[in-house]
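The structure appears below as structure tokens.
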Amino acid sequence: MRKFLFNRRPSRINLEEYRATLSRSEMARPENNFYHWLLGTTWTSFMLLVVFVYLGTNLIFAFAYIACGDGAITNARPGSLLDVFFFSVQTMATIGYGRMTPVGSWPNAIVTFEAFFGIVYSALTTGLAFARFTRPTAGIRFSKVAVVGNHDGIKTLKFRVANDRSSHIVEAQLRLWLIAESMTSEGERYRRSVELQLHRSESPVFSLTWTAMHSVDEASPLKDFLGKAELNGHWHLLITFTGYHESLANQVYARHVYLPRDVQQNATFVDIVTVSPDGGRIIDLANFEKWVPNVSDKLAGEFL
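This note's numbering applies: residue 11 is where the sequence shown begins, and numbers increase by one.
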């Protein structure tokens with residue numbers, strides 16, 4: 011017997027708080043690459059932008075028709091912005107009901123440009139929507155916190171990963187990185203990336219959940235940062251996930267960041283696998299985010 015809670019859509023990984031710790035010069039802001047913003051923004055923002063540009067350009071063309079004077083559009087009421095606005099909508103969509111028509115060189119020139127703009131805008135919007143629909147998404151969920159507690163008598167960092175879809179991801183790989191600020195002997199500040207070894211970094215078939223673990227022993231670079239509040243603004247953990255999605259037939263990628271405040275000390279995750287009386291295994295993702303104090307530690311439940 012199995013219990014799968016796949017009815018939840020995976021939440022979009024939010025790195026805004028992490029990005030807030032960084033600053034960019036005006037020349038290097040990501041907003042300068044508008045195409046990538048259009049692909050990566052939410053559907054709500056994308057559709058609002060499409061509607062805003064559509065209505066805004068029709069309004070601009072409507073003012074252009076009014077500037078041509080009364081009589082520029084037949085059967086349009088003199089000075090009526092609403093009539094010329096609807097005429098602009100019909101022109102941009104190449105509907106052409108025939109009730110209102112342009113009269114004169116300037117109105118016809120505006121109609122020519124607007125018809126061309128409408129074709130280009132429709133093609134660009136369709137292409138962007140198709141590109142957004144066809145972008146492969148991993149459907150991977152990371153636990154909101156990572157926990158640090160004893161595992162087989164060794165201090166161990168743990169975090170969870172879940173496949174929120176019913177399809178499989180083959181040849182899945184997890185990598186854990188410590189990103190920390192360092193300073194050279196000359197006083198120059200730089201960021202160094204150190205990969206932290208996981209107990210298991212690969213899975214031939216990833217179907218449900220994965221609890222990744224890293225031993226915080228004497229050889230681990232992470233031991234120099236855990237529990238030191240004065241260093242909290244100078245390091246974070248970066249997790250990358252890659253794999254081949256069977257349903258999408260494409261490589262998928264996901265990432266997540268744990269800031270120092272997201273790491274819970276002296277804690278362990280609640281087990282999501284239980285055994286029923288008949289011997290069946292029940293996997294309940296309702297316990298995916300839950301953690302409890304590690305009873306083997308004295309300072310149970312204390313935040314880093």
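For glycine and all other residues, C-beta sits at the position ideal for the given N, C-alpha and C.
Next on the checklist: Using C-beta distances below 6 angstroms, list every residue in its chain close to Ala38, excluding the 5 sequence neighbours before and after it, in chain order.
Outcome noted: Indexing the sequence shown from 1 puts residue 38 at position 28. Reliability of the predicted coordinates at Ala38 is poor, the pLDDT of 48 falling under 50, and no value is obtained from them.
Checklist entry - In this structure, what does DSSP give as the bridge partners for His246? => result By one-based count along the sequence shown, residue 246 stands at place 236. DSSP lists Ile189 as partners of His246.
Checklist entry - Looking only at its own chain, which residues have a Cβ that is under 8 angstroms from the Cβ of Glu256, when we skip the five neighbours before and after it? => result To locate residue 256, count along the sequence shown from 1; it is residue 246. Hits under 8 angstroms: Ser177, His178, Ile179, Val180.
Checklist entry - Among His244, Ser225, His266, which one has its Cα closest to the Cα of Met193? => result On the sequence shown, residue 193 is found 183 positions in, with the first residue counted as 1. Selected option, being the one with the closest Cα: His244.
Item to check | Whole-angstrom C-beta distance between Ser213 and Trp220, which should lie under 8 angstroms | outcome: The sequence position of residue 220 within the sequence shown is 210, counting from 1. The sequence position of residue 213 within the sequence shown is 203, counting from 1. About 6 angstroms; that satisfies the 8 angstroms criterion.
Checklist entry - Which runs of the alpha helix (DSSP H), 4 residues or longer, sit entirely within the segment 109–157? => result 115–144
Item to check | Per-residue DSSP class, three states only, for Gly253 | outcome: Counted from its first residue, the sequence shown places residue 253 at position 243. It is a strand residue.
Checklist entry - Going by C-alpha distance, which of Asn242, His266, Asp281 is nearest Ile292? => result Numbered from its first residue, the sequence shown carries residue 292 at position 282. It is Asp281.
Checklist entry - Of the residues Phe62, Glu299, Gly106, which one's Cα is nearest the Cα of Ala125? => result Against the sequence shown, residue 125 aligns to sequence position 115. The residue with the shortest Cα to Cα distance from Ala125 is Gly106.
Checklist entry - What's the call for Val273, buried or exposed, on a 16-neighbour Cβ count within 10 Å? => result Here the question's residue 273 lines up with position 263 in the sequence shown. Buried, by the Cβ-count rule.
Item to check | Nearest-angstrom Cα separation, counted from Phe279 out to Ile164 | outcome: Start at 1 with the first residue of the sequence shown, and residue 164 comes out as number 154. Start at 1 with the first residue of the sequence shown, and residue 279 comes out as number 269. In this structure, the straight-line span from the alpha carbon of Ile164 to that of Phe279 is close to 16 angstroms.
Item to check | Nearest to Ala148 (by Cα), restricted to the options Lys300, Tyr254, Phe97 | outcome: Mapped onto the sequence shown, residue 148 falls at position 138. Of the candidates Lys300, Tyr254, Phe97, the one whose C-alpha sits nearest the C-alpha of Ala148 is Tyr254.
Item to check | At least 3 beta-carbon pairs within less than 8 angstroms: the segment 86–106 vs the segment 48–56 | outcome: No, because fewer than three Cβ pairs between the segment 86–106 and the segment 48–56 fall closer than 8 angstroms, the two stretches do not touch.
Next on the checklist: On the criterion of 16 or more Cβ atoms from any shown chain inside 10 Å, does Ala182 qualify as buried, or is it exposed?
Outcome noted: Working through the sequence shown from its first residue, we reach residue 182 at position 172. Its Cβ being crowded by 16 or more others within 10 Å, Ala182 is buried.
Checklist entry - In or out: Pro117 buried (at least 16 other Cβ within 10 Å) or exposed? => result Taking the sequence shown and counting its residues from 1, the one referred to as residue 117 is at position 107. Pro117 should be labelled buried.
Item to check | Spatial distance of Phe298 from Val130 (CA atoms) | outcome: Reading the sequence shown from its first residue, position 288 is the one you call residue 298. Reading the sequence shown from its first residue, position 120 is the one you call residue 130. Each residue's alpha carbon lies about 47 angstroms from the other.
Item to check | Spatially closest choice to Arg202 from Gly114, Cys78, Leu247, by CA coordinates | outcome: In the sequence shown, residue 202 corresponds to position 192, counting from 1. For Arg202, the nearest C-alpha among the options comes from Leu247.
Item to check | Meets three-Cβ-pair contact criterion under 8 angstroms: the segment 217–233 and the segment 164–173 | outcome: The segment 217–233, when compared against the segment 164–173, does touch it at the 8 angstroms Cβ threshold.
Item to check | Nearest candidate by alpha-carbon position, reference Asn190, set Leu232, Gly81, Asp174 | outcome: Residue mapping note: residue 190 aligns to position 180 of the sequence shown, counting from 1. Rather than Asn, the amino acid found at residue 190 in this sequence is Ala. If we check each option's Cα against that of Ala190, Leu232 comes out closest.
Checklist entry - The alpha helix (DSSP H) spanning Ala72 covers which residue range? => result Looking up residue 72 in the sequence shown gives position 62. 53–77 is the span of the alpha helix (DSSP H), which, as asked, contains Ala72.
Next on the checklist: Closest to Ile83 by C-alpha separation, out of Ser115, Phe62, Leu59, would be which residue?
Outcome noted: Residue mapping note: residue 83 aligns to position 73 of the sequence shown, counting from 1. The option with the nearest alpha carbon to Ile83 is Ser115.
Checklist entry - Cα separation between Ile249 and Met102? => result Within the sequence shown, the letter at position 239 stands for residue 249. Within the sequence shown, the letter at position 92 stands for residue 102. One C-alpha to the other measures close to 47 angstroms.
Next on the checklist: With H, G and I counted as helix, E and B as strand and the rest as coil, what does DSSP make of Phe298?
Outcome noted: Locating residue 298 in the sequence shown gives position 288, counting from the first residue. Coil, per DSSP.
Next on the checklist: For Phe95 and Gly66, what's the separation of their Cα atoms in angstroms?
Outcome noted: Along the sequence shown, read from residue 1 onward, the residue named residue 95 stands at position 85. Along the sequence shown, read from residue 1 onward, the residue named residue 66 stands at position 56. Their backbone Cα atoms lie some 10 angstroms apart in a straight line.
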